[in-house]
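Quick note, the numbering used here runs 64 ahead of the 1-based positions in the sequence shown. What follows is a single structure, written as structure tokens, with notes after it.
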Amino acid sequence: MSYLETTHNVYKEAALTPDVGLCCTTNPIWELPGLKIPKIMQEMNYGCGSTVHARDLSNNPKMLYVGVGGGMELLQFSYFNRQKNGVVGIDVVDEMLEASRKNFKIAEEQNSWFKSEFVDLKKGDALNLPVEDNSIDVAAQNCLFNIFKAEDLKKAIAEMYRVLKPHGKLVMSDPTCEQPMNETLRNDDRLRALCLSGSLPIAEYVKMLTDAGFGTIEIRARKPYRILDTKNYATDELIYIESIEVAAIKDPMPADGPCIFTGKAAIYFGDEDYFDDKLGHVLLKNQPLAICDKTAGDLKALGREDIYISESTYHYDGGGCC
């Protein structure tokens, strides 16, 4: 049995019998006026963190979500796009699609504004999305891509890139791990189905995205997720796993490489009212400016004693350079 078949079976079981403990953390429920999340959707919330932010959903964007779970995030997205088929949900597990359809009927009873037709549920594979090129404004997945082995992960990212419109966003939450896993753990299909054994270091994860062509990467959060310990897993040492929230934007690739935001800031504290590097970055005196890692390197190379560059916080909320 392949690791993808194992994954299919895990989530088939989770669709037929909701497993609240399947994922050790859950997505925060959006507290929005008039939005009520059915209990069953919360029980089938199998993600590892947040994905899309409300600020990503302006102007009725066409949205795609891969790996529908119980439908909670699809319902939340529909709040911002109350149009027929405004949100597309893709899943390869028939039972999960059927469970979501049933859950949407419950959501209709609890939310006067919601109609099931707002969500277009399709059976499909993340490696071959049944979606047209350049047709999606915001694509998302939650705790899914780290199921894939390296070559399949590249295909899944490339598929997301293909369906996004120019300047569209791919927003994701996945486990990451800086410590290498031993061969036994890496080959544990059950762990991979829970997207743990496929966890990549952040640098490798980001490189996968930029290699696919995404010109801007935003690291929005980096949070504790799970411990693989020596008592319960085939490991000789504790392995610490984090959940990372990332937005990859289909911007043109700059000639000098991608803009990767990891939560760095520059602060000018010199004698003038501001500092202008003549490259589009103006630092007002003692006003922090969010900068990408590339700009941080360029400013640091100036060797000025009146510009402070912070370390990466791995939290970026927009604005700043670029």
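Note that beta-carbon positions come from the ideal geometry of N, C-alpha and C, so glycine has one too. It should be emphasised that the depicted structure is a prediction, and the values quoted were computed from it without experimental measurement.
With a threshold of 16 other CB atoms inside 10 Å of the CB of alanine 360, please say whether the residue is buried or exposed. As a position in the sequence shown, residue 360 is number 296, starting the count at 1. It counts as buried.
Can you tell me whether glycine 153 is helix, strand or coil according to DSSP? Reading the sequence shown from its first residue, position 89 is the one you call residue 153. Residue state, collapsed to three classes: strand.
Beta-bridge pairing of valine 116 - partner residues as DSSP gives them: The residue you call residue 116 lines up with position 52 of the sequence shown. Valine 116 is not bridged to any residue.
Would you call the segment 198–216 in contact with the segment 170–188, where contact means no fewer than 3 C-beta pairs closer than 8 Å? no
Counting only runs of 4+ residues fully inside the segment 254–328, write out the alpha helix (DSSP H) ranges in chain order. 266–275
Identity of the residue in Ile266, Ala329, Tyr297, Lys328 nearest serine 307 by Cα: Position 243 of the sequence shown, counted from the first residue, corresponds to residue 307. Of Ile266, Ala329, Tyr297, Lys328, the residue nearest in Cα terms is Ile266.
Going by the CB atoms, is the gap between leucine 191 and alanine 214 shorter than 7 Å? Taking the first residue of the sequence shown as 1, we reach residue 214 at position 150. Taking the first residue of the sequence shown as 1, we reach residue 191 at position 127. No. Outside cutoff.
Would the segment 281–301 and the segment 328–344 be scored as touching if the rule is three or more Cβ pairs under 8 Å? no
Pairwise C-alpha distance: phenylalanine 209 and asparagine 175: Here residue 175 refers to the residue found at position 111 when the sequence shown is read from its first residue. Here residue 209 refers to the residue found at position 145 when the sequence shown is read from its first residue. In a straight line, the C-alpha of asparagine 175 is about 31 Å away from that of phenylalanine 209.
What does alanine 220 pair with, by DSSP beta-bridge criteria? The residue labelled residue 220 in the question sits at position 156 within the sequence shown. Alanine 220 is not bridged to any residue.
Check histidine 379 in the structure and name its three-state DSSP category. On the sequence shown, position 315 is the one that residue 379 refers to. Residue state, collapsed to three classes: coil.
Nearest-angstrom Cα distance between leucine 260 and glutamate 268? Translated into the one-based positions of the sequence shown, residue 260 becomes position 196. Translated into the one-based positions of the sequence shown, residue 268 becomes position 204. Looking at the two C-alpha atoms, the distance is approximately 15 Å.
From aspartate 189 to asparagine 350, what does the alpha carbon distance come to, in whole angstroms? Taking the sequence shown and counting its residues from 1, one reaches residue 189 at position 125. Taking the sequence shown and counting its residues from 1, one reaches residue 350 at position 286. For aspartate 189 and asparagine 350, the distance between alpha carbons rounds to 50 Å.
How far does the beta strand (DSSP E) with isoleucine 355 in it reach, from first residue to last? Position 291 of the sequence shown holds residue 355. It spans 353–355 - the beta strand (DSSP E) in which isoleucine 355 sits, taken as one unbroken run.
Between which two residues does the beta strand (DSSP E) carrying isoleucine 211 extend? Here the question's residue 211 lines up with position 147 in the sequence shown. First-last for isoleucine 211: undefined, no H or E at that position.
When burial is assigned at 16 or more other CB atoms within 10 Å of the CB, is isoleucine 154 buried or exposed? The count along the sequence shown starts at 1 and reaches residue 154 at position 90. Its Cβ being crowded by 16 or more others within 10 Å, isoleucine 154 is buried.
Would leucine 128 pass as a contact of valine 152 if the rule is Cβ separation under 7 Å? The count along the sequence shown starts at 1 and reaches residue 128 at position 64. The count along the sequence shown starts at 1 and reaches residue 152 at position 88. A contact, by the Cβ cut-off of 7 Å.
For serine 263 versus proline 239, is the C-beta distance shorter than 7 Å? Numbered from 1 along the sequence shown, position 199 holds the residue referred to as residue 263. Numbered from 1 along the sequence shown, position 175 holds the residue referred to as residue 239. Yes, they are a contact pair.
Does DSSP put glycine 135 in a helix, in a strand, or in coil? Counting from one through the sequence shown, the residue named residue 135 turns up at place 71. Three-state result, glycine 135: coil.
Ends of the beta strand (DSSP E) at serine 237? The residue given as residue 237 occupies position 173 in the sequence shown. That run of the beta strand (DSSP E) goes 228–240.
Would you check if the distance between the CB atom of tyrosine 380 and the CB atom of arginine 286 is smaller than 7 Å? Counting from one through the sequence shown, the residue named residue 380 turns up at place 316. Counting from one through the sequence shown, the residue named residue 286 turns up at place 222. With contacts defined by Cβ atoms closer than 7 Å, tyrosine 380 and arginine 286 do not form a contacting pair.
Roughly how many whole angstroms lie between the Cα atoms of proline 396 and lysine 103? Outside the shown range of the chain, which is 65 to 386, sits residue 396, and nothing can be said about it.
Terminal residues of the continuous alpha helix (DSSP H) containing tyrosine 372? Counting from 1 along the sequence shown, the entry for residue 372 is found at position 308. No alpha helix (DSSP H) holds tyrosine 372; the beta strand (DSSP E) holding it covers 371–373.
Using only the alpha-carbon positions, how far apart do alanine 329 and glutamate 69 sit? Counting from 1 along the sequence shown, the entry for residue 329 is found at position 265. Counting from 1 along the sequence shown, the entry for residue 69 is found at position 5. Cα to Cα, the separation comes out at about 45 Å.
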